[in-house]
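Colleague: Residue numbers (the UniProt record's numbering): 1 to 382.
Beta carbons: idealized from backbone N, C-alpha and C, even for Gly.
One structure is given below, represented as structure tokens, and several questions about it will come after.
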Amino acid sequence: MRLLSVVGTRPEAIKIAPIARAAAARPAIDHRLVATGQHRELFDDMAAAFGLTVDRNLALGETGQTIEALEQRIAAALPALADELRPDMILVQGDTTSAWGSALAAHRLGMAVGHVEAGLRSHDLALPFPEERNRVEIDAVSTLLFAPTATARANLEAEPAVTGRIHVTGNTGIDALLWMRGMAAGHRLHDGGRRLVLVTCHRRENIGAGIAGICEALRRLARRPDVRIVLPLHPNPSVRAGIREALAGIANIELLDPLDYPTMVRMMDGAHLILSDSGGLQEEAPALGVPLLVLRDNSERPEALATGNIALVGTDPDRIVAAATRLLDNPAAYAAMAVPAYPYGRGDAAERILDAIEDWAATFRPRASQPASGRSPPASQA
């Protein structure tokens with residue numbers, strides 16, 4: 001069976017990497033990895049970190065292009081690629097434009113689609129945007145849906161548009177995190193008694209007023225002599241510009257270029273506290289036992305919220321400062337959040353996903369003479 005994974009951003013690459021590594025040990029699966037080029041520089045780092053070989057880089061990313069333009073370029077590029085590589089299934093991860101565009105293009109070609117991290121829902125199409133729209137539409141066209149949790153499965157079962165087979169597998173991001181943590185073991189990072197506060201910020205809905213509120217909170221927290229605030233900047237020029245303008249030159253705040261994945265894992269593992277609007281960090285921080293304050297008003301990861309390791313604080317500076325101060329000054333409150341939890345599995349999601357794909361492949365036999373662009377929809381989507 002030939003499996004083609006299409007990825008565009010570093011988070012996608014992180015979560016596909018365990019599948020690619022596990023597939024290499026399975027003779028029955030011929031796995032190919034294709035990059036759209038949405039995040040060119042970040043994916044190169046990921047390939048090096050995991051020892052992956054990118055079989056094709058479509059180089060479709062262009063600075064400043066709209067999400068609709070990228071989707072159209074993916075739709076134009078995928079038919080020829082599918083006819084050349086002739087995959088039995090297109091595998092996409094998460095809810096990015098690359099995942100959305102690839103899934104829709106594959107569906108139009110009548111190809112089977114596998115969705116890694118299916119079923120996440122905020123139940124608000126505007127938050128996060130366009131990710132909530134993307135994940136809903138990907139799930140509607142997927143043949144196999146790999147839900148990380150039982151809650152995600154319930155979300156899928158409640159949607160009439162979802163007709164594919166659902167499997168609860170855990171999250172491959174935890175596979176990657178635990179593997180990399182073992183390869184690059186870290187420790188709590190203290191600098192002259194200062195505790196590391198790691199911050200990431202990139203959500204589209206936070207650009208503007210949201211980032212301004214976050215930056216105001218960081219300026220206030222930076223007045224504390226016992227913290228060291230580190231913020232790796234996202235490649236998005238709109239995000240970088242606003243943060244640099246607000247925080248450049250502030251004592252106790254370090255603005256860094258994007259970190260490669262091994263360095264980021266060491267940084268997360270060594271942090272005393274994390275502030276982030278990232279979805280992936282909501283999964284990773286509990287597994288590391290590092291408290292996380294989520295810079296959003298809602299979350300599609302209720303399982304992480306239920307662990308008590310993370311808390312929603314939004315972008316209001318007063319609320320952020322109050323929550324961070326409590327964790328920095330109250331040892332009991334900090335200890336209650338700093339307990340490792342594994343709502344997304346303990347590192348075997350990739351194997352579960354490949355087991356499900358092999359089971360599906362045992363009953364699916366594509367006609368070898370038929371080009372990908374002429375296939376009929378798989379039975380689960382007919």
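#1: Under 9 Å, do Ile16 and Leu354 count as touching if we go by C-beta distance?
#2: Taking the Cβ atom as the reference point for each residue, do Gly10 and Val34 lie within a distance shorter than 9 Å?
#3: Can you check DSSP and say which residues form a bridge with Ser98?
#4: Runs of 4 residues minimum, wholly inside the segment 312 to 376: which ones carry the alpha helix (DSSP H) assignment?
#5: Please say whether Ser238 and Ile207 have beta carbons closer to each other than 9 Å?
#6: List the residues that DSSP assigns as beta-bridge partners of Glu254.
#7: Under 9 Å between the Cβ atoms of Ser98 and Leu120?
#8: Could you say if the segment 230 to 244 and the segment 130 to 137 meet the contact criterion of at least three C-beta pairs nearer than 8 Å?
#9: Check whether the segment 225 to 236 and the segment 250 to 266 are in contact - that is, three or more C-beta pairs closer than 8 Å.
#10: Along the alpha helix (DSSP H) that carries Ser238, what are the first and last residues, could you check?
#11: Measuring alpha carbon to alpha carbon, tell me which residue in Asn309, Asp359, Ala22, Thr151 is nearest Ala336.
#12: Cβ of Ile214 within 9 Å of Cβ of Ala222?
#13: Below 6 Å CB to CB, which residues in the same chain sit around Gly186 once its five sequence neighbours on both sides are set aside?
#14: Around the Cβ of Asn330, are there at least 16 other Cβ atoms within 10 angstroms (buried) or fewer (exposed)?
#15: Can you check which of these residues, Trp100, Arg86, Gly37, is closest to Asp30 by C-alpha distance?
#16: Per DSSP, Ile274 forms a beta bridge with which residues?
#17: If you measure between the beta carbons of residue 384 and Gln72, is that distance less than 9 Å?
#18: In angstroms with no decimal places, state the Cα-to-Cα distance between Met89 and Ala77.
#19: Tell me where the alpha helix (DSSP H) around residue 387 begins and ends.
#20: Here's a check: name, in chain order, each residue in its chain whose Cβ is nearer than 7 Å to the Cβ of Glu12, leaving out the five neighbours to either side.
#21: Looking only at DSSP bridge pairs, what is Ile310 linked to?
#22: Do Leu144 and His115 have their beta-carbon atoms positioned less than 9 Å apart in this structure?
#23: Contact check, Val6 vs Thr36 under 8 Å by CB: the rounded distance?
#24: What are the start and end residues of each continuous alpha helix (DSSP H) run of 4 or more residues lying completely inside the segment 41 to 90, in chain order?
#25: Looking at the unbroken beta strand (DSSP E) that takes in Gly114, where does it start and where does it end?
#26: Sort Ala338, Ala140, Phe146 by Cα distance to Val162 and report the nearest one.
#27: Since Ala304 contacts Pro343 with CB under 8 Å, what's their CB separation in whole angstroms?
#28: Just checking my contact of Pro148 with Gly182 at CB under 8 Å: how many whole Å lie between their CB atoms?
#29: The beta strand (DSSP E) that contains Ile207, what's its start and end?
#30: Anyone know if the C-beta pair for Gly347 and Asp226 falls short of 9 Å?
#31: If I measure Cβ to Cβ from Arg188 and keep anything under 6 Å in the same chain, skipping five residues before and after, which residues do I get?
#32: How many Å lie between His167 and Arg153 at the Cα?
Modeller: Once the coordinates are examined:
#1: Translated into the one-based positions of the sequence shown, residue 16 becomes position 16. Translated into the one-based positions of the sequence shown, residue 354 becomes position 354. The answer is no: Cβ separation not under 9 Å.
#2: As a working mapping, residue 10 is identified with position 10 in the sequence shown. As a working mapping, residue 34 is identified with position 34 in the sequence shown. The sequence given here has Arg at residue 10, not Gly. Result no, Cβ atoms of Arg10 and Val34 do not sit closer than 9 Å.
#3: Start at 1 with the first residue of the sequence shown, and residue 98 comes out as number 98. Beta-bridge analysis with DSSP links Ser98 to no other residue.
#4: 317 to 329, 331 to 337, 349 to 361
#5: Start at 1 with the first residue of the sequence shown, and residue 207 comes out as number 207. Start at 1 with the first residue of the sequence shown, and residue 238 comes out as number 238. A contact, by the Cβ cut-off of 9 Å.
#6: Here the question's residue 254 lines up with position 254 in the sequence shown. Glu254 is bridged to Val230.
#7: Counting from one through the sequence shown, the residue named residue 98 turns up at place 98. Counting from one through the sequence shown, the residue named residue 120 turns up at place 120. Cβ distance not < 9 Å, so Ser98 and Leu120 don't count as in contact.
#8: Taking one beta carbon from each stretch, the segment 230 to 244 and the segment 130 to 137 have fewer than 3 pairs nearer than 8 Å; the two do not touch.
#9: Yes: the two stretches touch, three or more of their Cβ pairs being nearer than 8 Å.
#10: The count along the sequence shown starts at 1 and reaches residue 238 at position 238. From DSSP, the alpha helix (DSSP H) with Ser238 extends over 237 to 247.
#11: Along the sequence shown, read from residue 1 onward, the residue named residue 336 stands at position 336. Of the candidates Asn309, Asp359, Ala22, Thr151, the one whose C-alpha sits nearest the C-alpha of Ala336 is Asn309.
#12: Looking up residue 214 in the sequence shown gives position 214. Looking up residue 222 in the sequence shown gives position 222. No. Outside cutoff.
#13: Position 186 of the sequence shown holds residue 186. Here the model assigns Gly186 a pLDDT of 48, short of 50, so the residue's position is not dependable and the matter cannot be decided.
#14: Here residue 330 corresponds to residue number 330 of the sequence shown, with the count starting at 1. Asn330 comes out exposed.
#15: The residue you call residue 30 lines up with position 30 of the sequence shown. Comparing Cα-Cα distances from Asp30 to each of Trp100, Arg86, Gly37, the minimum goes to Arg86.
#16: Against the sequence shown, residue 274 aligns to sequence position 274. Answer by DSSP bridge pairing, in chain order: Leu198, Leu292.
#17: The question about residue 384 has no answer here: the residues shown for the chain are numbered 1 through 382.
#18: Start at 1 with the first residue of the sequence shown, and residue 89 comes out as number 89. Start at 1 with the first residue of the sequence shown, and residue 77 comes out as number 77. Taking C-alpha positions only, Met89 is separated from Ala77 by approximately 16 Å.
#19: Because residue 387 is not part of the residues shown, which for the chain are 1 to 382, the question remains open.
#20: For the purposes of this step, residue 12 is taken as the residue at position 12 of the sequence shown. Here Glu12 has Gln93, Gly94, Thr96, Ser98, Ala99 as same chain residues with Cβ atoms under 7 Å from its own Cβ, once five neighbours each way along the sequence are excluded.
#21: Counting from 1 along the sequence shown, the entry for residue 310 is found at position 310. In the DSSP output, where bridge partners are listed per residue, Ile310 has Leu292.
#22: As a position in the sequence shown, residue 115 is number 115, starting the count at 1. As a position in the sequence shown, residue 144 is number 144, starting the count at 1. Yes, they are a contact pair.
#23: Working through the sequence shown from its first residue, we reach residue 6 at position 6. Working through the sequence shown from its first residue, we reach residue 36 at position 36. Between Thr36 and Val6 the Cβ distance is about 6 Å, and since that is below 8 Å, they are a contact.
#24: 67 to 85
#25: Here residue 114 refers to the residue found at position 114 of the sequence shown. Segment 112 to 116, the beta strand (DSSP E) holding Gly114.
#26: Within the sequence shown, residue 162 is the residue found at index 162, counting from 1. Out of Ala338, Ala140, Phe146, Ala140 has the C-alpha closest to the C-alpha of Val162.
#27: Residue 304 sits at position 304 when you count from the first residue of the sequence shown. Residue 343 sits at position 343 when you count from the first residue of the sequence shown. Between Pro343 and Ala304 the Cβ distance is about 6 Å, and since that is below 8 Å, they are a contact.
#28: Here residue 148 refers to the residue found at position 148 when the sequence shown is read from its first residue. Here residue 182 refers to the residue found at position 182 when the sequence shown is read from its first residue. Wrong, their Cβ atoms sit about 21 Å apart, outside the cutoff.
#29: On the sequence shown, position 207 is the one that residue 207 refers to. No beta strand (DSSP E) holds Ile207; DSSP gives it neither H nor E.
#30: By one-based count along the sequence shown, residue 347 stands at place 347. By one-based count along the sequence shown, residue 226 stands at place 226. Going by C-beta atoms, Gly347 is not nearer than 9 Å to Asp226.
#31: One-based indexing of the sequence shown puts residue 188 at position 188. Low per-residue confidence applies at Arg188: pLDDT is 47, beneath 50, and the placement is therefore not dependable, though the value from the model is reported in the following sentence. Excluding residues within five positions, the ones whose Cβ falls inside 6 Å are Gly270.
#32: Working through the sequence shown from its first residue, we reach residue 167 at position 167. Working through the sequence shown from its first residue, we reach residue 153 at position 153. Answer to the nearest angstrom: the Cα atoms are 8 Å apart.
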